[in-house]
Amino acid sequence: MLIIICASIAANLWDDLHFDHVIPELYLKDIEKLKQILDDFGIPNDFDLNELNNLVPAHSRCNIRKSAELFVKVTTLYFLGLINAKITKVESV
Numbered sequence: 572m573l574i575i576i577c578a579s580i581a582a583n584l585w586d587d588l589h590f591d592h593v594i595p596e597l598y599l600k601d602i603e604k605l606k607q608i609l610d611d612f613g614i615p616n617d618f619d620l621n622e623l624n625n626l627v628p629a630h631s632r633c634n635i636r637k638s639a640e641l642f643v644k645v646t647t648l649y650f651l652g653l654i655n656a657k658i659t660k661v662e663s664v
């Protein structure tokens, strides 16, 4: 499994599995800022930060290091695109 944040292959991820929010869930506490980010990034306003389409597997150290950081627009959209390309497969498991 590829860990998006650090771009490494996780051989035994299950021992250290975290799920990271591409757009941090911290923004649920600041709805105006969240709306601004979604608008600036061209993401629909009904985008749910806690749905599968915003989550990626991560090592605990990568998730903790990223914390509530929001990637720049191009990186965020790239990661969300990768997720969307695989979401049907993930949902079928």
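Okay, so the sequence shown: first residue is 572 according to this note's numbering, each after it adds one.
Just so it is clear, CB atoms sit at the ideal spot from N, CA and C, and this is done for glycine as well.
- Contact check for A639 against L605 fails: the beta carbons are separated by 7 Å or more.
- Boundaries cannot be given for L641, as no alpha helix (DSSP H) includes it and DSSP labels it neither H nor E.
- Contact annotation, L623 with E662: C-beta distance approximately 7 Å; criterion of less than 8 Å satisfied.
- Closest by C-alpha distance to G652, out of I614, L599, A629 and R632, is I614.
- In the DSSP annotation of this structure, the continuous segment of the alpha helix (DSSP H) that includes L609 starts and ends at I602 to F612.
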